[in-house]
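Written below as structure tokens is the structure these notes are about.
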Amino acid sequence: MRPPTNSTTFKREFLKKWLLALQLCNNHHNNNNKNGVVERKNTIKLSAEIAMAAARNGATCWSRALIAKHSSSSSLHNQTPPPRHSKKRVLRCKRIIRRSRRCIHHGPAAAVVRRKTAVLRKLVPGGELMGDEASLIRETLDYVTSLRAQIDVMRRLARASDRVAMCNGMK
């Protein structure tokens with residue numbers, strides 16, 4: 001699992017899937033005749049989350065968790081496979097292991113790290129299901145990269161929309 005390798009490709013894929021998701025959500029909401037500000041905000045948020053997860057093609061735990069969250073017929077546990085661990089056993093010197101065990105502190109700093117890790121698990125979709133901290137960090141980095149791409153696409157779309165509105169107003 002790597003962050004989106006080509007930011008432009010990811011942004012283009014996100015934009016395509018987001019516009020499709022917006023159309024689907026708008027069709028659903030138009031049938032229900034709900035056009036308030038809150039409903040529109042929720043529609044945009046829902047469609048952006050689905051599009052961002054779909055643009056990653058289920059390559060990450062967070063994207064599978066988001067898809068499962070918004071899927072009405074599936075559960076998160078059926079969609080998300082357990083994290084992949086290496087089957088190779090790491091051989092270590094017993095002296096190094098003994099020394100490292102002595103260095104582990106169980107003081108206030110360790111408690112702060114545990115609390116912050118627990119908060120991070122709640123922030124990243126599917127974070128509760130991740131076993132180790134390394135996979136949590138990788139997923140978090142990928143999620144943040146995808147969120148930044150999402151923000152960039154939304155800002156560009158808003159700027160383009162403003163430009164079109166200004167051009168139409170000048171005519």
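Oh and the sequence shown: position 70 is 70 in full-length UniProt numbering, straight run, nothing missing. Glycine included, each C-beta is placed from N, C-alpha and C at the ideal position.
Whose C-alpha, out of the options, is nearest the C-alpha of residue i?
i: S47; options: R56, Q23, D152 and A68; result: Q23
i: S146; options: D132, M130, N57 and V112; result: N57
i: K122; options: L66, H70 and W18; result: L66
i: H70; options: T60, E49 and C61; result: E49
i: S7; options: A110, N27 and D142; result: D142
i: A21; options: K45, R163 and M130; result: K45
i: S135; options: W62, F14, R115 and N27; result: W62
Pull up the distance between the alpha-carbon of residue i and that of residue j, whole angstroms please.
i: R155; j: K16; result: 15 Å
i: R12; j: V119; result: 31 Å
i: A165; j: A55; result: 29 Å
i: V113; j: G127; result: 16 Å
i: V38; j: F10; result: 28 Å
i: T60; j: G169; result: 44 Å
i: V153; j: G107; result: 44 Å
i: R64; j: E139; result: 11 Å
i: I137; j: A111; result: 18 Å
i: T117; j: G36; result: 37 Å
i: D162; j: L129; result: 42 Å
Is it buried or exposed for residue i, if we count other Cβ within 10 angstroms and need 16 for buried?
i: M52; result: buried
i: I151; result: exposed
i: V124; result: buried
i: C167; result: exposed
i: A149; result: buried
i: L19; result: exposed
i: A158; result: exposed
i: T43; result: buried
i: E133; result: exposed
i: A68; result: buried
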